[in-house]
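Chains as they are written, first to last, in the numbering used here: chain Y, 1202 to 1457; chain B, 21 to 278; chain U, 7 to 281.
The C-beta atom is built at its ideal place from N, Cα and C for all residues, glycine as well.
Report on the structure given below.
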């Protein structure tokens, strides 16, 4: 088993309820989870199940109603500089060019301009955007924009990358390309990745482990270990298909 | 089908010409019909040539236009300098917004033009009262748009800022402000329009110079071509202002898609 | 989570929200009270000379007196208000009746756009109040003259918004209508107009504000009745109480207009998803 590394991130009984006098909304009921160092963990759940809320709690954008979060064994509150995020709707700032977007993290942490230019260049090159440093987002395609998003998350010097359906807004073709791309980047520069998706095939293609969530309010339904599937994975192989069937059967796909 | 399409396109091409032609013809007809109390284009042009030699109230028409323009520009500059910070503060600081917004909402429904009697009573008939009145008109849209621009910044943008370590001032200057830029610019655009109209009203009601004064002077001495000439100046300069502003906007915010 | 914890968390969260809204209310009251107090102080202690400002209480008093006193300018307050309302609303109604259909047609049919658009573009940059001398020549200073000016000022935003509103109609809806066999005219009525409605209403709101503020200008330049006339006469007679109560009245009516408009808009556009 390769999954015996140290525990990088840990969620303990995380729960999020939006209270209101008109009626409460239970988004996340109770999720406890351990993420190992340098692991590619996929969180899979049906649409609107509360996976984004869970991710937002981990990175400190939402305050949990209950429960605790630990990074490297210490409890954390609010945003953490070792945790960064790739957003589903890109969140690339339209008035910044690629380089300026990528260097947001170091800039806010007061890193010297020359230093951050250099590291920004390195990560832009890594995601294959060499030569596009000066381009504005409106000049880039959807896939390129999300590459900027990935480079930005890497450049923030984070050890844990949260990805909230990062390829959800892309067309199918680009999506396949980007899946290979993210794996290539991850092999090259290993970090702990939490990847949220609602696409079963994408989950099996990418993950070391898959955490399957129920419909809202979210609880952990099942955890699948995929270390028996060798990488690069073949999405029409027998073992892949079997896994796919197993997870499809377990997932709550019924209409509300 | 294709042939019909072609005719249709030719037709669309000549329609504007017909339209403007009819307009001018109608104008000449109406002018003749009203015994030239509405002057026609020729008379306006002749009146313009006369103004080149004979000033009105000791100033040439270009000087009058310059005076009007200067008043609006001064008022606009003041409201940009004061209005944007006020709007930003209202959008950014909850306590400040809680106190100031109701005051603002209470004063706002009074149109700037309705301030003219009071302001002229307070400040007399010099340049200052006119600029204050125009300022009242330009200030409001700039504050409102700066405020809504900041208050309506998409959560996604601030989230991204926070994740990458921006807080407080950095979040405001590096994320919130640029996001609010288009809205602030729209506010300034509205302000230019309002300022131009309020200027006209203020000059028509109490002034001894400016394009609005020329309109009233024309009315007082039954010099109808002068009224129309002043109106044409007002229209042309107003249109030019908004054109220039569009250029400036595109120059300052090159990332904005049009 | 256990029921106990949940309930205590809920109490906490709702308490926070309630505290927030109470705080906002208090701040608002502080703001308005501060404004009134400042105004009163400035008037009472002569920071601005007494003949140039009156206190809020005197404004109320003047308004009450004007209910039954026609001095000095010759009409009761109610007569001024009615006159202003009739002028403003008739000009505004005319602008809606002509501006909206014209804007919608221009946005939908290119030929109409090309015929009317150029003339509109030529006339648009001239502010409506600049036409006042000509309306005086032909229509005097009565209702029609001012209504025409207000019509012009309210007409422009109505037309522009209806025009751009219908231009923004989602092509998908148009295609759906076409595949269901609707004619161009039917599509215009059933798809174009409804989808332009939010923009049309935005234009109507701008028009309302324009109409009201142009009214004041028109009444100052050509009238013998109305709130704008009243404040201008206040200036002529040096009666600052008259000016300030007139301004307050204009402001209050403006607020009422907006509130009524909000109601109507929310009713007509109730299908729209509110966020």
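Amino acids of chain Y, ordered along the chain, whose beta-carbon sits closer than 8 Å to that of residue 16(U): 1218, 1220 and 1225
Which whole-angstrom value describes the C-beta separation of residue 117(B) and residue 160(B), a residue pair presumed to lie in contact below a C-beta threshold of 8 Å? Residue 117(B) to residue 160(B), Cβ: 16 Å. No contact.
Are the C-beta of residue 1457(Y) and some C-beta of chain B separated by less than 7 Å? Residue placement at residue 1457(Y) is flagged as unreliable, the pLDDT there being 46, under the threshold of 50; a coordinate-derived value is accordingly withheld.
Quick one: what's got a C-beta closer than 7 Å to residue 212(B)'s C-beta in the same chain, skipping five residues either side? 96, 261, 262 and 265
Can you list, in chain order, the residues of the stretch 1399–1422 of chain Y whose Cβ is nearer than 8 Å to any Cβ on chain B? For the stretch 1399–1422 of chain Y, there are no residues whose beta carbon sits under 8 Å from a beta carbon of chain B.
Which one of 182(U), 104(U) and 115(U) has the shortest CA to CA distance from residue 162(U)? 104(U)
Please report the straight-line C-alpha distance between residue 1352(Y) and residue 1303(Y), rounded to a whole angstrom. 6 Å
Helix, strand or coil, according to DSSP, for residue 21(B) in the structure here? Here residue 21(B) scores only 41 on pLDDT, less than 50, and its place in the model is too uncertain to base an answer on.
State the start and end residues of the unbroken alpha helix (DSSP H) segment that holds residue 98(B). That run of the alpha helix (DSSP H) goes 81–112.
Measure the alpha-carbon distance for residue 1265(Y) versus residue 1224(Y) and round it to whole angstroms. Their backbone Cα atoms lie some 18 Å apart in a straight line.
Answer with yes or no whether the minimum CB distance from residue 23(U) to chain B is below 7 Å. no
Per-residue DSSP class, three states only, for residue 1202(Y): With a pLDDT of only 39 at residue 1202(Y), under the threshold of 50, the placement of this residue in the model should not be trusted; the figure read from the coordinates follows. It is coil, neither helix nor strand.
What in chain B is Cβ-close to residue 218(U), meaning under 7 Å? 131
Closest to residue 1357(Y) by C-alpha separation, out of 181(B), 177(B) and 175(B), would be which residue? Residue 181(B) is the option with its Cα nearest to residue 1357(Y).
Tell me whether residue 237(B), by its Cβ, gets closer than 6 Å to a heavy atom of the ligand HEM. Judged by which ligands are present, the structure shown has none, so any question about the ligand HEM falls away.
Distance, Cα to Cα, residue 144(B) vs residue 226(B)? 10 Å
Using a Cβ cut-off of 8 Å, pull out every chain Y residue sitting near residue 94(U), in sequence order please. Chain Y residues near residue 94(U): none, gap ~40 Å exceeds 8 Å.
Under a three-way DSSP split, which group does residue 1310(Y) fall into? coil
Is it true that the CB of residue 1426(Y) sits closer than 7 Å to the CB of residue 1439(Y)? No, these two residues do not count as a Cβ contact at 7 Å.
Can you tell me the Cα-Cα spacing of residue 1202(Y) and residue 1312(Y), whole angstroms? With a pLDDT of 39 at residue 1202(Y), under the threshold of 50, the modelled position of that residue is not reliable, and the figure given next carries that caveat. Pairing residue 1202(Y) with residue 1312(Y), the inter-Cα distance amounts to about 39 Å.
What's the gap between the Cα of residue 1376(Y) and the Cα of residue 1367(Y)? 9 Å
Helix, strand or coil for residue 281(U) per DSSP? The predicted model places residue 281(U) with a pLDDT of 44, which falls under 50 and marks its position as unreliable, so this point remains unresolved.
For residue 1286(Y) versus residue 1384(Y), is the C-beta spacing smaller than 7 Å? no
Per the DSSP calculation, residue 1365(Y) is bridged to which residue(s)? 1397(Y)
Would you call residue 53(B) buried or exposed, if buried means 16 or more other Cβ atoms sit within 10 Å of its Cβ? exposed
Residue interval of the beta strand (DSSP E) (run including residue 1213(Y)): Per DSSP, residue 1213(Y) belongs to the beta strand (DSSP E) from 1208–1219.
Roughly how many angstroms separate the alpha carbons of residue 1214(Y) and residue 107(U), rounded to a whole number? Distance between the alpha carbons of residue 1214(Y) and residue 107(U) is about 60 Å.
Per the DSSP calculation, residue 1276(Y) is bridged to which residue(s)? Residue 1276(Y) is bridged to 1271(Y).
Among 1369(Y), 1360(Y) and 1407(Y), nearest to residue 1382(Y) - alpha-carbon criterion: 1407(Y)
Who are the near neighbours of residue 250(U) in its chain, counting only those whose CB is closer than 7 Å to its CB and skipping five residues on each side? 60 and 65
Distance CB(residue 232(U))-CB(residue 74(U)) smaller than 7 Å: no
Using CA atoms only, rank isn't needed, just tell me which of 163(B), 42(B) and 258(B) is closest to residue 104(B). 163(B)
Spatial distance of residue 1318(Y) from residue 1300(Y) (CA atoms): 8 Å
Taking CB distances under 7 Å as the criterion, tell me whether residue 125(U) reaches chain B. Yes, because at least one Cβ of chain B sits closer than 7 Å to the Cβ of residue 125(U).
Can you give me the Cβ contacts of residue 44(B) inside the same chain, cut-off strictly under 8 Å, excluding the 5 residues immediately before and after it? 61
Considering only their Cβ atoms, is the gap separating residue 139(U) from residue 255(B) smaller than 7 Å? no
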